[in-house]
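Beneath this line is the structure, given in structure tokens, with notes to follow.
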Amino acid sequence: MKEEELRECAVCDICNEKIGSGGNINFYRVNVKSYVFNLNEMQRQDGLAMFLGSPALARVMGSDEDMAKLTDENTITVCADCITAPVLLTALSEDL
Ligand SMILES: [Zn+2]
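Heads up, the sequence shown is in my numbering, so the first residue is 1 and it goes up one at a time.
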């Protein structure tokens with residue numbers, strides 16, 4: 001990690017303290033992705049499986065579309081103290 005990238009993650013996104021201020025110089029970068037089910041595609045694939053009588057055959061014969069779509073992706077910095085503390089997962093994403 002180069003200096004400029006390190007400066008972007010100098011503060012913990014959970015406690016808002018500077019990384020290393022508590023004495024522990026370890027930190028983490030956590031990538032959080034949120035998805036939503038693609039219900040139309042799931043229903044279409046399920047219908048094909050019922051028609052063919054086999055989910056495995058439907059998997060081969062189907063269009064192989066995404067069953068869930070990525071709606072948000074966020075990378076946060078977490079200090080060594082916060083990584084062991086219970087955290088609401090919603091705190092890890094800005095849009096949740
Ligand atoms: Zn922290």
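Even for Gly, the Cβ is constructed at its ideal location relative to N, Cα and C. Note that the structure is a prediction, hence the values are computed from the model and not measured.
For residue i, the three-state DSSP class (helix, strand or coil)
| i | result |
| --- | --- |
| isoleucine 19 | coil |
| alanine 85 | coil |
| leucine 96 | Residue confidence for leucine 96 is low, a pLDDT of 48 falling below 50, so the modelled location carries little weight; the figure read from the coordinates is stated next. Note: leucine 96 maps to coil in three-state DSSP. |
| alanine 10 | coil |
| aspartate 64 | coil |
| asparagine 24 | coil |
| methionine 1 | coil |
Expected contact under 8 Å - CB spacing of residue i and residue j to nearest Å
| i | j | result |
| --- | --- | --- |
| valine 68 | valine 36 | Note that residue 68 corresponds to alanine in the displayed sequence, not to valine. Rounded, the Cβ-Cβ distance is 6 Å, consistent with contact. |
| lysine 18 | glutamate 73 | Their Cβ separation, rounded to whole angstroms, is 25 Å, which puts lysine 18 and glutamate 73 out of contact at 8 Å. |
| glutamate 65 | glutamate 41 | 5 Å |
Residue i burial status per 10 Å Cβ neighbour count (16 or more: buried)
| i | result |
| --- | --- |
| cysteine 27 | Rather than cysteine, the amino acid found at residue 27 in this sequence is phenylalanine. Result: buried. |
| isoleucine 14 | buried |
| glutamine 43 | exposed |
| valine 60 | exposed |
| isoleucine 25 | exposed |
Per DSSP, the bridge partner or partners of residue i
| i | result |
| --- | --- |
| arginine 29 | Thr77 |
| leucine 70 | Tyr35 |
Reference residue i; option with closest CA among the options
| i | options | result |
| --- | --- | --- |
| glycine 23 | Cys79, Pro86, Thr84 | Cys79 |
| aspartate 81 | Leu6, Glu41, Cys12 | Cys12 |
| valine 87 | Val30, Glu3, Glu5 | Val30 |
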